[in-house]
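A.B. asks: In the numbering used here, the protein residues as written are 20 to 279.
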Amino acid sequence: DAAKAFDRDRLVTTMGGAEAREKIAAEIATQKPETGPLRVRARPARQEDGNELVAHAGEIIGLAGLAGHGQTDLLLAIFAAAARSKTGIEVTAPVALVAGDRQSDGIFPQWSIAQNIGIRSLKRLRNGLLISPQREAELADFWQKKIGIRTPDMNNNIFSLSGGNQQKALFARALGSDAKIVLMDDPMRGVDIGTKLEVYDLVREEAGRGRTFLWYTTETEELDNCHQIYVFKNGRIVANLRRDELTEKKIIQSSFGDAA
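Written as structure tokens, this is what we have:
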């Protein structure tokens, strides 16, 4: 019956998640990136001490803490600083943002899947003054295969996709661009476990190639993918944890307590 089916689905998800966490932890432990070029140095606007977020090429940096405590604000400030100088923030390479609220911040609802992916790469897709349909299609086809976007036709409207596949299209937009820094604003919230695991693998793979990820997440297990984690409280960084120091208890203590 429905109750048994639900329990089975929940068990499969839990088991899959546990196995994935073990795999991710082992991979990150052996994947300590050497310190590459500085990509981001950022101090939250409300920070009163010397704490700041620092990210180098090839690092996956986690932003943790209770929701609404300044994580998204800092990501948006970094995004803005890539285009215009901003006090307390240094950005040394092109930036792309993967929004958490894809309906209001990420998707162009009247456009095709291919157009939604290509919008961040217009310079590369141009042929003279116009967008080359062939180049746009080649970019979309490459990322459909790479990230596993499930659709029979990339010219279909973006809303023909499931929620998880819409989110994959937003990742394809960021990763298909020239951005060396990818900002992730809790993008996997509410996405199915299968899509999550595929995206986690891709993020680690791209980091291995030198891309930098700043990843705000409200799901503690996603921080397993990160090399360094900054915990936020009241708009400030209150803790800085290495991956081997990461525990849910430390995050909770830092989120509710004083600076750690």
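Backbone N, C-alpha and C define an ideal beta-carbon position, used for all residues, glycine too.
Note that the structure is predicted; figures quoted are calculated from it, not measured.
Report back the beta-carbon spacing between Ile126 and Ile108 to the nearest angstrom; my notes put them in contact at under 8 Å.
C.D. replies: Incorrect: roughly 27 Å between the Cβ atoms, too far for contact.
A.B. asks: Under a three-way DSSP split, which group does Ile256 fall into?
C.D. replies: strand
A.B. asks: Since Glu78 contacts Ala258 with CB under 8 Å, what's their CB separation in whole angstroms?
C.D. replies: Incorrect: roughly 17 Å between the Cβ atoms, too far for contact.
A.B. asks: For Ala133, count neighbouring C-beta atoms within 10 Å of its own C-beta (all shown protein chains included) and say buried if the count is 16 or more, exposed if not.
C.D. replies: buried
A.B. asks: Measuring only the C-alpha atoms, how far is Leu141 from Ile150?
C.D. replies: Between Leu141 and Ile150, the C-alpha separation is close to 7 Å.
A.B. asks: For Gly89 and Leu72, I'd like the C-alpha separation in whole angstroms.
C.D. replies: 13 Å
A.B. asks: Mind the definition here: the region 230–248 touches the region 152–159 only if three or more C-beta pairs lie below 8 Å; say whether that holds.
C.D. replies: no
A.B. asks: Measure the beta-carbon distance from Ala115 to Ala193 and round it to whole angstroms, keeping in mind my assumption that it falls under 8 Å.
C.D. replies: 4 Å
A.B. asks: Measuring alpha carbon to alpha carbon, tell me which of Asp197, Leu180 and Ala74 ends up nearest Gly137.
C.D. replies: Asp197
A.B. asks: Would you kindly check if the distance between the Cβ of Ile200 and the Cβ of Arg58 is under 8 Å?
C.D. replies: yes
A.B. asks: Under three-state DSSP, which class holds Ser151?
C.D. replies: Here Ser151 sits in coil by DSSP.
A.B. asks: Assuming contact is defined by CB atoms lying nearer than 8 Å, are Gly119 and Pro206 in contact in what I supplied?
C.D. replies: Yes.
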